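Numbering (our numbering), first residue to last: 712 to 1027. Glycine is no exception: its CB is placed at the ideal position from the N, C-alpha and C atoms. These numbers come from a predicted model, not from an experiment.
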Ligand code: 5GP
Ligand code: MN
């Protein structure tokens, strides 16, 4: 069983690094910090390397121990969490240079790029997979570990609202409440707190939003200049894609965000009931989940918009 092999790899490794996807969300950071705390119980002092993340996550236990980079070049073991492909992994050279690699993820589009891959596309969050993994390792889930895991579950399920939530999601939540984890507090800090820059970007995004295809599709965007104007920091674009999806009758919400260095736009798609946006994004080299996916396309706003719309129309 893969989990026995994973535990074996962890036990023999001396230097371990934990990595996750770029533009990390609550599931990415929560799973990384939870894994670090569990490894500590196994007497392994692992490095979590995440170059940048939203300051809204500063409440998480162990966040101050995150490193931007490391002097160690060749780790014995690299663990990638919540990341579907190597291309998206932040600081991927530590993964590429590690002697052994493990991937734990919940994306259906996962490329299985580790020596050992534990992928469950049915799970609503990588953090929920880790609940099962840690139980299998017979590790006690402490309050601190619980806060990290709950953060991933709350953010990836949009506060228990998205498809994919399971009986286990609620059983685990109940168990954590008994341990004293304050669920409304995590909910407030992750989903209900907006930075001022995020609010200002929301105004721009709403103002520019086009409703297309007989009201079934929305399109909106932000440029790097917009982000400079509002003083945006990492993570301040989070949630902007959800605005269009919540409009009555909309099936696909398209949000694009400029990346000048790569001369194009980072694409985010969300769908309501039936369009598989992961399949749509696979058409231009991205991926994700059925109802939330992304990718990257080179070109101007208009070029990128047309390229996505072409694929979205086929899927409507
Ligand atoms: P978001 O729109 O929040 O950036 O991403 C939504 C989902 O799509 C996430 O689960 C994320 O992992 C996935 N995703 C976003 N961008 C990419 C990408 O460029 N490639 C792949 N494979 N998945 C992506
Ligand atoms: Mn996730």
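| Item | Value |
| --- | --- |
| Three-state secondary structure (DSSP) of residue 738 | helix |
| Residue burial classification, residue 821 (beta-carbon count within 10 angstroms, cutoff 16) | buried |
| Boundaries (first-last residue) of the beta strand (DSSP E) holding residue 836 | Here residue 836 belongs to no beta strand (DSSP E), and DSSP marks it neither H nor E. |
| Own chain residues within Cβ distance below 8 Å of residue 962, not counting five before or after | 927, 928, 982, 983, 984, 985, 986, 1027 |
| Residue 837: CB within 7 Å of a non-hydrogen atom of ligand 2 | yes |
| Separation of residue 813 from residue 885, as counted between CA atoms | 30 Å |
| Neighbourhood of residue 743 by C-beta distance below 7 Å, restricted to the same chain and skipping five residues each side | 729, 731, 759, 761, 792 |
| Sequence-distant residues of the same chain with beta carbon closer than 7 Å to residue 717, five excluded per side | 813, 827, 829 |
| beta-carbon residue 822 near ligand 2 non-hydrogen atom, thresh 7 Å | no |
| beta-carbon residue 957 near ligand 2 non-hydrogen atom, thresh 7 Å | no |
| Cβ pair count under 8 Å reaching 3, the segment 771-791 against the segment 802-816 | yes |
| Residue 868 classed as buried or exposed, judged by whether at least 16 other C-beta atoms fall within 10 angstroms | buried |
| Runs of alpha helix (DSSP H) lying entirely within the segment 804-883, each at least 4 residues, in chain order | 804-807, 837-847, 854-867 |
| Contact set for residue 952: own chain, Cβ-Cβ below 6 Å, skip 5 residues either direction | 964, 966, 979, 981 |
| Distance cut-off 7 Å: residue 793 Cβ against heavy atoms of ligand 2 | yes |
| Ligand 1 heavy atom lying under 7 Å from the CB of residue 766 | no |
| Three-way DSSP call (helix, strand, coil) for residue 756 in this model | coil |
| Rounded C-alpha distance that separates residue 848 from residue 904 | 35 Å |
| From 907, 864, 910, 921, residue whose alpha carbon lies closest to that of residue 894 | 864 |
| Three-state secondary structure (DSSP) of residue 743 | helix |
| Of the residues 747, 914, 925, the one placed nearest residue 938, counting alpha carbons only | 914 |
| Beta-carbon contacts of residue 974 that lie in its chain and below 6 Å, excluding the five residues immediately before and after | 1009 |
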